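**Student:** Below is a structure I'd like to ask you about.
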Amino acid sequence: MNIFAGKEKLAPRPSGQALLRGFCGGTLSIFILLLIGQYSHHAWIMAPFGASCVLLYAAAQSPLAQPRNLIFGHVISATIGLFFALYLPINIFTIAIAVGLAIVGMQYLRCVHPPAGANPLVILLTASTTAYDWSFLLFPVLSGAVSLVLVAYAVNNIGKGAVWPEYGLGLMKK
């Protein structure tokens with residue numbers, strides 16, 4: 001008897017084109033961020049961007065993988081992490097509260113992007129070894145997030161019938 005055999009159903013196996021898009025998109029996205037960072041002498045990458053690539057290329061039609069969610073989710077969460085790192089004592093309570101507030105901020109502003117939930121953790125857990133300031137919001141947060149969206153736009157629109165994003169930044173009311 002297999003205790004893991006239930007009635008749940010696995011997602012359909014992705015097509016070869018989807019696998020190729022995931023490989024090329026993820027590789028190209030991270031390569032570009034690393035390359036720009038190397039030449040500009042600014043960090044354009046942070047660990048949560050790897051998880052963002054999973055959504056951008058393996059679940060591109062999800063609301064969680066849309067430009068608004070990716071860009072604003074990362075900026076909001078990083079802003080909360082920076083505020084805590086710069087103005088509050090860092091301990092297990094403030095770290096946990098920062099993550100909770102990042103989730104609430106993304107929910108309230110309708111830009112939930114799960115990888116961005118890691119931003120306060122990255123910032124607060126490395127604050128003792130990294131000198132953070134508000135410029136972190138430009139490099140790597142905003143610059144990296146916008147770059148990921150641009151690469152995803154190019155990669156996710158290759159092929160017949162490919163249309164990404166489902167919606168853009170959603171700044172204008174319809």
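Counting along the sequence shown from 1, when you hit position 44 you're at 44 in full-length UniProt numbering, and nothing is skipped either side. From the three backbone atoms N, C-alpha and C, an ideal C-beta is built for every residue, glycine too. Computed from a prediction, not measured in an experiment: that's the story for all the values here.
Gly159 to Met46, Cα distance in whole Å?
**Tutor:** Cα-Cα distance, rounded: 30 Å.
**Student:** Which residue comes first and which comes last in the alpha helix (DSSP H) that contains Gly26?
**Tutor:** First-last of the alpha helix (DSSP H) with Gly26: Gly16 to Ser40.
**Student:** Taking Val112 and Gly73 to be in contact with their CB atoms under 8 Å, please state how far apart those CB atoms are, rounded to whole angstroms.
**Tutor:** Correct: roughly 6 Å between the Cβ atoms.
**Student:** Measure the alpha-carbon distance for Ala11 versus Asn69 and round it to whole angstroms.
**Tutor:** Cα-Cα distance, rounded: 23 Å.
**Student:** For Leu169, which of helix, strand or coil comes out of DSSP?
**Tutor:** Leu169 falls in the coil class under three-state DSSP.
**Student:** Within the same chain, show all residues whose beta-carbon is closer than 8 Å to that of Ala127, passing over the 5 residues directly before and after it, in chain order.
**Tutor:** Cβ neighbours of Ala127 beyond the five flanking positions: Ala85 and Ile90.
**Student:** Which class does Asn157 belong to by DSSP, given the choice of helix, strand or coil?
**Tutor:** Coil at Asn157, not helix or strand.
**Student:** If you count every other CB in all the chains shown that lies within 10 Å of the CB of Leu19, and 16 or more means buried, which is it?
**Tutor:** Exposed: under 16 other Cβ atoms inside 10 Å.
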